[in-house]
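A.B. asks: In my numbering, the protein residues as written are 1 to 100. Where a beta carbon is used, it is the ideal one built from N, C-alpha and C, also for glycine. The structure that follows is given in the form of structure tokens.
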């Protein structure tokens with residue numbers, strides 16, 4: 001489940017950019033437009049997922065101490081996925097386009 005949530009943001013951004021490239025837009029411009037247009041949908045979906053796991057940090061007693069690693073891991077990976085999709089992915093495309 002967590003792996004599916006992890007790659008979801010990047011898939012949304014890249015599919016939208018792919019649609020823009022099919023319409024004739026340049027690769028770098030397509031990814032820039034994709035990140036700009038899909039910023040709020042991707043951000044809101046990630047924040048919704050984080051809102052589900054955040055209360056799990058407050059489980060009491062021994063069970064809470066044992067299970068706290070699951071929400072911590074998912075919160076950190078989803079935050080990293082959001083940063084990757086909105087910031088690093090666009091720069092990676094620009095770098096790869098400049099190599100050609």
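Looking only at its own chain, which residues have a Cβ that is under 8 Å from the Cβ of residue 81, when we skip the five neighbours before and after it?
C.D. replies: Here residue 81 refers to the residue found at position 81 of the chain shown. The answer, listed in chain order, is 5, 6, 7, 8, 9, 10, 46.
A.B. asks: Report, in whole angstroms, the separation of the C-beta atoms of residue 50 and residue 78, which I expect to be a contact under 8 Å.
C.D. replies: Taking the chain shown and counting its residues from 1, the one referred to as residue 50 is at position 50. Taking the chain shown and counting its residues from 1, the one referred to as residue 78 is at position 78. That pair is a contact at about 6 Å.
A.B. asks: With H, G and I counted as helix, E and B as strand and the rest as coil, what does DSSP make of residue 60?
C.D. replies: Within the chain shown, the letter at position 60 stands for residue 60. It is coil, neither helix nor strand.
A.B. asks: How about residue 120 and residue 28: are their beta carbons less than 7 Å apart?
C.D. replies: Residue 120 falls outside the range modelled here, since the chain spans only 1 to 100, and no answer is possible.
A.B. asks: Under 7 Å, do residue 39 and residue 17 count as touching if we go by C-beta distance?
C.D. replies: In the chain shown, residue 39 corresponds to position 39, counting from 1. In the chain shown, residue 17 corresponds to position 17, counting from 1. In this structure, residue 17 does not lie closer than 7 Å to residue 39 by Cβ.
A.B. asks: In whole angstroms, give me the CA-to-CA distance for residue 54 and residue 69.
C.D. replies: Sequence index remark: in the chain shown, residue 54 carries index 54 (1-based). Sequence index remark: in the chain shown, residue 69 carries index 69 (1-based). Each residue's Cα considered, the two are about 12 Å apart.
A.B. asks: For residue 93 and residue 36, what's the separation of their Cα atoms in angstroms?
C.D. replies: Taking the chain shown and counting its residues from 1, the one referred to as residue 93 is at position 93. Taking the chain shown and counting its residues from 1, the one referred to as residue 36 is at position 36. Roughly 15 Å between the two C-alpha positions.
A.B. asks: Could you give the distance in angstroms between the alpha-carbon of residue 89 and the alpha-carbon of residue 100?
C.D. replies: Within the chain shown, residue 89 is the residue found at index 89, counting from 1. Within the chain shown, residue 100 is the residue found at index 100, counting from 1. Cα to Cα, the separation comes out at about 17 Å.
A.B. asks: In the DSSP assignment, the alpha helix (DSSP H) including residue 97 goes from what residue to what residue?
C.D. replies: Taking the chain shown and counting its residues from 1, one reaches residue 97 at position 97. Unbroken alpha helix (DSSP H) run through residue 97: 89-99.
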